[in-house]
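Participant:
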Amino acid sequence: MSINKKIIPTSMLGATLPGNSTVEMKEFEVPTPGFGQVLVQTKASTICGSDIRAIYREHTGKGAEGYIPGMVAGHEPSGIIVQEGPGLKEFKTGDRVIVYHISGCGVCYNCRMGYMIACSNPTFRQAYGWQRNGGMAPYILCDEKDLVHLPDELTYKDGAQVACGFGTVYEALEKIGVSGDDAVLVTGLGPVGLATLMLAKAMGANKLIGVEVNDYRIDLAKKLNLVDHVFKPSDHTVQDILDLTGGKGVEKAVDCSASDAGRQTCVRASKEWAKIALVGEGNTMTLNPSPDMMHAQKTIYGSWVTSTWKMMDLVDRLVRWNIHPGDLITDEFPIERAGEAYALMASGHCGKVAVVYPD
Ligand SMILES: [Zn+2]
Ligand SMILES: [Zn+2]
Numbered sequence: 019m020s021i022n023k024k025i026i027p028t029s030m031l032g033a034t035l036p037g038n039s040t041v042e043m044k045e046f047e048v049p050t051p052g053f054g055q056v057l058v059q060t061k062a063s064t065i066c067g068s069d070i071r072a073i074y075r076e077h078t079g080k081g082a083e084g085y086i087p088g089m090v091a092g093h094e095p096s097g098i099i100v101q102e103g104p105g106l107k108e109f110k111t112g113d114r115v116i117v118y119h120i121s122g123c124g125v126c127y128n129c130r131m132g133y134m135i136a137c138s139n140p141t142f143r144q145a146y147g148w149q150r151n152g153g154m155a156p157y158i159l160c161d162e163k164d165l166v167h168l169p170d171e172l173t174y175k176d177g178a179q180v181a182c183g184f185g186t187v188y189e190a191l192e193k194i195g196v197s198g199d200d201a202v203l204v205t206g207l208g209p210v211g212l213a214t215l216m217l218a219k220a221m222g223a224n225k226l227i228g229v230e231v232n233d234y235r236i237d238l239a240k241k242l243n244l245v246d247h248v249f250k251p252s253d254h255t256v257q258d259i260l261d262l263t264g265g266k267g268v269e270k271a272v273d274c275s276a277s278d279a280g281r282q283t284c285v286r287a288s289k290e291w292a293k294i295a296l297v298g299e300g301n302t303m304t305l306n307p308s309p310d311m312m313h314a315q316k317t318i319y320g321s322w323v324t325s326t327w328k329m330m331d332l333v334d335r336l337v338r339w340n341i342h343p344g345d346l347i348t349d350e351f352p353i354e355r356a357g358e359a360y361a362l363m364a365s366g367h368c369g370k371v372a373v374v375y376p377d
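Counting from 1 along the sequence shown, just add 18 to a position and that's the residue number in the working numbering.
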């Protein structure tokens, strides 16, 4: 295959995040894969809200979100394998791949469940773009076990979207079980909220309701035809949603706003026996347990990223449903302009922002 003959350079420029709302390009050695590892040539790498929240503006993340200064940023990469280390079991040069963005120890309880996101071994748990080099460079050193095949029907931009955001959303929707039975409310229509609407629609939800404060994102949700009704938060948002659902509320709700108000709306604008998923990270949640939850027989699910096997399922479903997560990408930059890419994502005046690499 011609891919084998591609000349791999010895050094590359990667984007690092010093934590003062800038991007610093640094030179890195192109790594050589060891046992069970591959070298992936990056093709698309998207920016996540968590990159902005925990690293870009200031290094506030701890533990799982602790960024090691100087690491190549970017935990949402997709690309093609260009070099093999010894001992591979499944993947080979030329395979198109999504990088599940946390490399776990592989043997703790959560890793064995496929949820490397929740790996309990602090020495071996390393997230790409946080504690090991990520996708904001032309090449990434990956462990074979962290990879998911990217089918030909999907683009690298689709793959990058699956690596974090769409995987996270699919997990939450599977937990609450969205189908054609359901009206679905999504609070917060940033890239994760838009992804929630896109997947809920594909799963058959027949009434999609959004709540969002940012005009650009409201327009984007409408333009992409992902929402039937969208409201700006107000003191009558709950009533507005009840009015759309015969006074009963939605069957399923997902909070992607990470705000107390958004979470309260999910709970109070949902029907008796509703299932609610929390996806947006941080802040608090204020509830009155008896009227909000207990007397209404409601269930709230916490959901954190997804598992490798569920990511494999999601990829199959995307092909079957013929939908493209990459459609949520509104702005693309080459790696040399990563600074502009992060600044735009931080501004919120965008859908998803991607760094893309030439073929
Ligand atoms: Zn992410
Ligand atoms: Zn583990």
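We put the beta carbon where it would ideally sit given N, CA and C, even for glycine.
At which residues does the beta strand (DSSP E) containing residue 216 begin and terminate?
Facilitator: Looking at the DSSP string, residue 216 is not in any beta strand (DSSP E); the run it does join, the alpha helix (DSSP H), is 209-220.
Participant: Kindly indicate which residue of 150, 330 and 161 has the alpha-carbon position closest to the one of residue 56.
Facilitator: Per the Cα distances, 161.
Participant: Determine the DSSP secondary structure at residue 49, reduced to helix, strand or coil.
Facilitator: Looking at residue 49 - three-state DSSP - the assignment turns out to be coil, as it is neither helix nor strand.
Participant: Going by DSSP, what residues sit across from residue 98 in a beta bridge?
Facilitator: In the DSSP output, where bridge partners are listed per residue, residue 98 has 59 and 114.
Participant: What is the residue span of the alpha helix (DSSP H) that residue 233 lies within?
Facilitator: Where residue 233 is concerned, the enclosing alpha helix (DSSP H) stretches over 233-241.
Participant: Which whole-angstrom value is the C-beta distance of residue 59 and residue 157, which I expect to be below 8 Å?
Facilitator: Correct: roughly 6 Å between the Cβ atoms.
Participant: Tell me whether the beta-carbon of residue 62 lies closer than 8 Å to the beta-carbon of residue 177.
Facilitator: Result yes, Cβ atoms of residue 62 and residue 177 sit closer than 8 Å.
Participant: Can the beta-carbon of residue 295 be found closer than 8 Å to that of residue 190?
Facilitator: In contact: residue 295 and residue 190 (Cβ atoms closer than 8 Å).
Participant: What three-state label does DSSP hand residue 274 in the structure shown?
Facilitator: Looking at residue 274 - three-state DSSP - the assignment turns out to be coil, as it is neither helix nor strand.
Participant: Could you compute how far the alpha carbon of residue 370 sits from the alpha carbon of residue 85?
Facilitator: Residue 370 and residue 85: Cα-Cα distance of roughly 21 Å.
Participant: What do you get for residue 127, buried or exposed, if any count of 16 or more other CB atoms within 10 angstroms of its CB means buried?
Facilitator: With fewer than 16 other Cβ atoms within 10 Å, it is exposed.
Participant: My assumption, with CB atoms under 8 Å, is that residue 384 sits in contact with residue 280. Please give the rounded CB distance.
Facilitator: Lying before the first or after the last residue shown, residue 384 is absent from the chain, which here runs from 19 to 377.
Participant: Give the range of the alpha helix (DSSP H) segment to which residue 79 is assigned.
Facilitator: Residue 79 -> no alpha helix (DSSP H), and no H or E assigned at all.
Participant: Is residue 182 a contact residue of ligand 1, with contact defined as CB to any heavy atom under 7 Å?
Facilitator: Yes, the beta carbon of residue 182 sits closer than 7 Å to at least one heavy atom of ligand 1.
Participant: Exposed or buried, which one is residue 141 when buried takes at least 16 other CB atoms within 10 Å?
Facilitator: With fewer than 16 other Cβ atoms within 10 Å, it is exposed.
Participant: Roughly how many whole angstroms lie between the Cα atoms of residue 69 and residue 207?
Facilitator: If I take the Cα positions, the gap works out to 17 Å.
Participant: Strictly by DSSP, which residues pair up with residue 120?
Facilitator: Looking at the DSSP assignment, residue 120 forms a beta bridge with 145.
Participant: Measure the C-alpha to C-alpha separation of residue 271 and residue 285 and round it to an integer number of angstroms.
Facilitator: Rounded to the nearest angstrom, the two C-alpha atoms are 8 Å apart.
Participant: Roughly how many angstroms separate the alpha carbons of residue 305 and residue 313, rounded to a whole number?
Facilitator: Approximately 13 Å between the Cα atoms of the pair.
Participant: Does DSSP put residue 162 in a helix, in a strand, or in coil?
Facilitator: In this structure, residue 162 counts as helix in the three-state DSSP scheme.
Participant: Using 10 angstroms around the beta-carbon of residue 119, count the other beta-carbons present and answer buried if the total reaches 16, otherwise exposed.
Facilitator: When all chains shown are included, residue 119 counts as buried.
Participant: Using the DSSP secondary-structure output, state which residues sit across from residue 2 in a beta bridge.
Facilitator: The requested residue 2 does not occur in the structure, where the chain is confined to residues 19 to 377.
Participant: How would the residue list near ligand 2 read, in chain order, if you kept each one whose beta-carbon is closer than 5 Å to any heavy atom?
Facilitator: Qualifying residues, in the order they occur: 122, 123, 126, 129, 137 and 139.
Participant: For ligand 1, is there a heavy atom less than 7 Å away from the beta-carbon of residue 66?
Facilitator: Yes, ligand 1 has a heavy atom inside 7 Å of this Cβ.
Participant: Just to confirm, does residue 83 get its C-beta within under 7 Å of one of the non-hydrogen atoms of ligand 1?
Facilitator: It does not: the Cβ of residue 83 is nowhere closer than 7 Å to a heavy atom of ligand 1.
Participant: Can you grab the Cα-Cα spacing for the pair residue 45 / residue 89, in whole Å?
Facilitator: Distance between the alpha carbons of residue 45 and residue 89: 11 Å.
Participant: Is residue 170 buried or exposed, if buried means 16 or more other CB atoms sit within 10 Å of its CB?
Facilitator: Exposed, by the Cβ-count rule.
Participant: Between residue 93 and ligand 1, is the CB less than 7 Å from at least one heavy atom?
Facilitator: Checking every heavy atom of ligand 1 against the Cβ of residue 93, one is found closer than 7 Å.
Participant: When you compare only the Cα positions, how much space is there between residue 250 and residue 30?
Facilitator: Residue 250 and residue 30: Cα-Cα distance of roughly 44 Å.
Participant: Is residue 255 helix, strand or coil when you go by DSSP?
Facilitator: Residue 255 falls in the helix class under three-state DSSP.
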